[in-house]
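Enquirer: Below is the structure I would like to discuss, written out as structure tokens.
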Amino acid sequence: VRDTSFFITMSSRECPTCCHDYDSEHHRVRILSCGHSQCTSCMRAQFANSRITCSTCRTIHTYDNVNKIPVCYIAEILFGEKDAAPLIPKLNKGICEDHAAYKLFWCSTHKQWICPHCSVIDHPRGDCDIIQIKKQLENDKNVMKLNVSEEIKHLDSTDKEVKLVRDELDKKKKEDENQIKKMKEEIDKLTKLITQKEKDISLVKVKQSKVNTLTQDCKKKKGELENLMTRICDVNDYKELDLEMDKSASIINRFENWKQGLKDEACSQELGKTKKISLFDDVLTGIQRHPCAILTLTCLHTNICHLLISLKGPVRRLQQFTELASGNSRNGSYKNSKIEKIIDKSQPSERVWFKWYYSASGVKQENALCELEMGGGDPFIEGAVYGVHRDLAGFSICTRSNPDDVTETWSIIGHVISGLPELKAAIQIYDPTDIMISRIWSNY
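For the record, in the sequence shown the residue sitting at position 270 is 270 according to full-length UniProt numbering, with numbers rising by one throughout.
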């Protein structure tokens, strides 16, 4: 027999036929299969020929006797005391609007909550799949737990992705902070160096023009540093920081070059005599057979080429050149001279010359004044590396009184027979003012 004990509603405390309150004796509440209830006394009065008619819906029911009609024990518990308050089921989905009973079942066929009356009248079990509220609660909980579990998995996956991004950002931030720290340390070092150099300049009064030039350089470099510091402080994101880092790398590189130039100048008095350089066997063979000179050119302390020069010309001029080149002249040396500039670079010919040199006593000279003893010739003004793009012309070491006067007659001392392509390539890459003669040797 189906359990219809939940059919009792809040207003069904009394029998609808005799209006007598239900009790546990003569007026025990019994439930007909139609879902309506009556007391036992009224059912006995209406029972005849194994049949009984529902006083509410007039449905005829067949039973062997009245005692076979199920008793609603829950109703007896709920309404055992006359004055007891109606008991609301712990699990319910509200009141059914059609039958004023609690919704205690789920119709999975029609996807809706129903009351006990609905399960008999509108949603009979033969036609619908009816599930009790407790079981449906477990079903809903399982579905919800499954959904939550999927969300947790998704969140775990997302958390891993976020962690990777966070780690990358942390790594990037740390790298940038380290770079900024190094940049600031380098700026501090450069600032200290500039300060020290400014103090040294105040003590060393070689020439006022040089002091003024160096002071202007210091202010310019310091201004670049201050501008760099201001831009770094104003940076708001990593994109701007990357741009400033690229700019600062160029600034720091120029600073390094400038700083090294200052060091070279400060240490010039301690430079020793020119030493022989190591060349390939074919170059050494050429030196053994012919009067030659070898110039080693460097840029930023990087060896860029060896110029092997075949010497020729007046004996006295060759002697003067080799004395200046090797550092054995009483008038000075070309060693550690720097290229001043390149003239007419776009023209078929190009000339590169060295503007200053160090004297034998270590003092920097603007011109190599070597009086010629033969024939009252012009003074030895500057040594220049001269050449044209035509293969047959090559580069030449020569002397003349005024390198800026293209009408002046050149006295050719020799031709560059090795190292020309490397020199041309270096001139295209490096700033000519950074190119230096680091070593010179001659077998003349």
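The beta carbon of each residue, even a glycine, is placed where N, CA and C say it ideally should be.
1. Under DSSP, the beta strand (DSSP E) around Ala293 begins and ends at which residues?
2. Could you name each continuous alpha helix (DSSP H) segment of 4 residues or more that falls completely within the stretch 103 to 183, going from the start of the chain to the end?
3. Any chance the stretch 122 to 134 sits against the stretch 86 to 103, with 3 or more Cβ pairs inside 8 Å?
4. Bridge partners of Ala45, per DSSP?
5. By Cβ distance below 6 Å, which residues in the same chain neighbour Ser119 in space, the five residues on each side in sequence not counted?
6. Quick check on the burial criterion: 16 or more other C-beta atoms within 10 angstroms. Buried or exposed for Leu164?
7. Using 8 Å as the threshold, is the stretch 18 to 30 in touch with the stretch 40 to 48, meaning 3 or more CB pairs across them?
8. Let me check understanding here. Comparing Cα to Cα, which of Glu138, Ala425 and Tyr102 lies closest to Ile88?
9. Could you pull the DSSP bridge partners for Arg51 from this structure?
10. Roughly how many whole angstroms lie between the Cα atoms of Thr59 and Gln112?
11. Count the other CB atoms within 10 Å of the CB of Gly126; is the residue buried (16 or more) or exposed (fewer)?
12. Would you kindly work out how many angstroms separate the C-alpha atoms of Asp98 and Ala75, rounded to a whole number?
13. Going by CA-CA distance only, name the one from Val29, Gly35, Thr302 and Gln428 that's closest to Asp122.
14. Taking the alpha-carbon positions, what's the Lys213 to Ser248 distance?
15. Is the stretch 421 to 436 touching the stretch 299 to 309, taking contact as three or more C-beta pairs under 8 Å?
16. Suppose you measure from the CA of Arg13 to the CA of Val71; what does that come to, to the nearest Å?
17. With a Cβ-Cβ cutoff of 9 Å, do Cys305 and Gly419 count as a contact?
18. Taking all protein chains shown into account, decide if Ser37 is buried (16 or more other Cβ within 10 angstroms of its Cβ) or exposed.
19. From what residue to what residue does the beta strand (DSSP E) around Leu308 run?
20. Hey, would you say Met229 sits closer than 9 Å to Asp176, going by beta carbons?
21. By a C-beta neighbour count over all protein chains shown, 10 Å radius and 16 as the cutoff for buried, is Cys96 buried or exposed?
22. Should Leu311 be flagged as near chain B, meaning a C-beta pair shorter than 9 Å?
23. Nearest-angstrom Cα distance between Glu65 and Cys128?
24. Please classify Cys18: does DSSP put it in a helix, a strand, or coil?
25. Which residue's Cα is closest to the Cα of Ser55: Ile31, Cys218 and Glu198?
26. Cutting at 8 Å between CB atoms, please list the residues of its own chain near Ile251, excluding the five before and the five after it.
27. Any idea if Ala100 is buried or exposed, counting beta-carbon neighbours within 10 angstroms, 16 or more meaning buried?
28. If you reduce the DSSP assignment to three classes, tell me which class Cys57 lands in.
29. From the DSSP output, read off the bridge partner residues of Arg28.
30. Which same chain residues end up closer than 7 Å to Gln46 when comparing Cβ atoms and leaving out the 5 residues on each side of it in sequence?
31. Could you work out which residue in Ser24, Ser33, Asn49 and Ala48 is closest to Ile69 when comparing CA atoms only?
32. To the nearest angstrom, report how far apart His154 and Asp234 are at their CA atoms.
33. If you drop the 5 nearest sequence neighbours on each side, which residues of the same chain put their C-beta closer than 8 Å to that of Thr191?
34. State buried or exposed for Leu423, treating a residue as buried only when at least 16 other CB atoms are found within 10 Å of its CB.
35. If you draw a straight line from the C-alpha of Val162 to the C-alpha of Ala425, how long is it?
Expert: To lay it out plainly:
1. Cys292 to Cys299
2. 116 to 121
3. yes
4. DSSP output for Ala45 lists no bridge partner at all.
5. Phe105 and Ile130
6. exposed
7. yes
8. Tyr102
9. Ala48 and Thr62
10. 27 Å
11. exposed
12. 21 Å
13. Gly35
14. Per the sequence shown, the amino acid found at residue 213 is Thr instead of Lys. Roughly 24 Å between the two C-alpha positions.
15. yes
16. 14 Å
17. yes
18. buried
19. Thr302 to Leu311
20. no
21. buried
22. No chain B appears in this structure, which consists of one protein chain only.
23. Sequence check: residue 65 is Asn here, not Glu. So the two alpha carbons sit approximately 30 Å from each other.
24. coil
25. Ile31
26. Glu224, Leu225 and Leu228
27. exposed
28. coil
29. DSSP output for Arg28 lists no bridge partner at all.
30. Ile52 and Thr53
31. Ser33
32. 40 Å
33. Lys222 and Leu225
34. buried
35. 50 Å
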